[in-house]
Amino acid sequence: MHISLDWIYWAISWILLRWHGVWDAIGVPDHAVLGTTWSWILAIFFLVVTVRVILFPVFVKQIKSQRAMQALQPKVKELQEKHKGDRETLQKEIMELYRTEKANPLMGCLPMFLQIPVFLGLFHVLKRVNPNNQLKELYGWTAQQFDSASHATLFTAPISGRFGSSASELAVLDSSVTTVKIIAAILVAIMITTTYLTSRQMILKTGWAEDPQQRMLQRIMLYGIPASLLISGAIFPIGVIIYWVTNNLFTLAQQQWVLRKFPPPAVNKANLPSRYSEAGEKARAAAAAREAQPKSGGLLSRLTDAAKSAATPQPGATAKPVGKGATNGKAAPSRQASSKANGKQPEAKPATDGKALAPKPGAKPVNPKKGGRRPAKRQ
């Protein structure tokens, strides 16, 4: 069974020719300026705009599907824990969850899949743009439009030329192999980089999927497709690569706007099992308990504890006066002994006036046990 793709070629040709007619009517020159035929380059650029406007409802559904998939990640994680080791049951449960919640895991790739016919159509249309082609009026083209497109260039490289074009093919297009290879290589490098960035931008904002199949699909989008462009980029006409790069830049800008306008919902971390949750809480509680307990050990801490216990009166005990020569019931070392130990001469004691310390006639005797005050010294 043969499936005709002529309708795609007609549609792509119609959009491309309409935009070229718009720029030609505005006054954009149809000849090369700075080695570039801007009327055809702008026609390819606005072909991207037209396709993206048509696919915008699909893009909105893609964003909604990604939000739904992200909201289901905790439930997917629970299913993985529940059916660990049983992949068949796990896949059935996950697909049932997606069906119940009306989440489509393939919706994230749908806009790219829908653009594949556009790539194929533009590839076919530009590949046949050759001055030696006798079928110039195919797919709605006029002979004048066909001749103009066959000589359209980007920095002197024809838009129908490819990285793998032979010297004889490029001689017909009035171009050199070196020029085409340099321009095509630069565009392929930009195409690979922007393709990687579009996938990376979305994954960084929404996170990696918990579903193994979804995660594998994300890895293919992030690494597989950019790697495949190293090979396919050599057979794409320069005009198709211009379309791809423009489409990637448009996607980057559109995704950035959507992610800022409608940020991804915050995932409830309480519903997500974490290897740090239970063990971490126990460790933090144990550390807090250790901090609350008084630290033991060390000479300074023992001396501090002894001083506190000595200062606290025991129940039923009678307070004893503490003399100058006693400390906690022990004789304190004399100044003379400490001075000798330090190698210093003992200081001379000041003379004491016995009369001044004697009680005055008629005064009541002082009882130290009742907390009486000693007579003050005379100055």
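9 is the number of the first residue of the sequence shown in my numbering; add one for each residue after it.
Ideal Cβ placement from N, Cα and C applies to all residues, glycine included.
Coarse secondary structure for residue i, derived from DSSP in three states
i, result
"Arg136", "coil"
"Leu162", "strand"
"Pro125", "helix"
"Thr37", "Residue identity differs from the one stated: residue 37 is Pro in this sequence, not Thr. Three-state result, Pro37: coil."
"Thr254", "helix"
"Leu42", "coil"
"Glu145", "coil"
"Thr259", "helix"
"Ile11", "coil"
"Pro271", "coil"
"Ser73", "helix"
"Glu286", "Since pLDDT at Glu286 reaches only 44, below the 50 mark, its modelled position is unreliable, and no value is offered."
"Asn112", "coil"
"Ala334", "Residue placement at Ala334 is poorly supported in this model, since its pLDDT is 45, which falls under 50; the coordinates still yield a value, given next. Three-state result, Ala334: strand."
Boundaries (first-last residue) of the alpha helix (DSSP H) holding residue i
i, result
"Ile34", "Asp14 to Ile34"
"Trp48", "Trp46 to Ile62"
"Lys85", "Gln81 to Lys90"
"Glu96", "Arg95 to Glu109"
"Met229", "Taken as a continuous stretch (DSSP letters only), Met229 belongs to no alpha helix (DSSP H), as it is neither H nor E."
Counterpart residues of residue i in DSSP-defined beta bridges
i, result
"Pro245", "Arg170"
Buried versus exposed call for residue i [16 or more other C-beta atoms within 10 Å across all chains shown]
i, result
"Arg268", "exposed"
"Phe121", "exposed"
"Arg170", "buried"
"Tyr231", "exposed"
"Asn141", "exposed"
"His39", "exposed"
"Leu42", "exposed"
"Ser173", "buried"
"Val68", "exposed"
"Ala345", "Residue confidence for Ala345 is low, a pLDDT of 48 falling below 50, so the modelled location carries little weight; the figure read from the coordinates is stated next. Looking at its Cβ environment, which holds fewer than 16 other Cβ atoms inside 10 Å, Ala345 is exposed."
"Val61", "exposed"
"Ala339", "Per-residue confidence for Ala339 stands at a pLDDT of 48, beneath the threshold of 50, marking its modelled position as unreliable; the derived number appears in the next sentence. When all chains shown are included, Ala339 counts as exposed."
"Ser168", "buried"
"Ser158", "buried"
"Ile20", "buried"
"Trp22", "exposed"
"Ile11", "exposed"
"Ile194", "exposed"
"Leu114", "exposed"
Threshold first: 4 residues or longer. Then list the alpha helix (DSSP H) segments lying entirely within the region 180 to 217, N to C.
185 to 214
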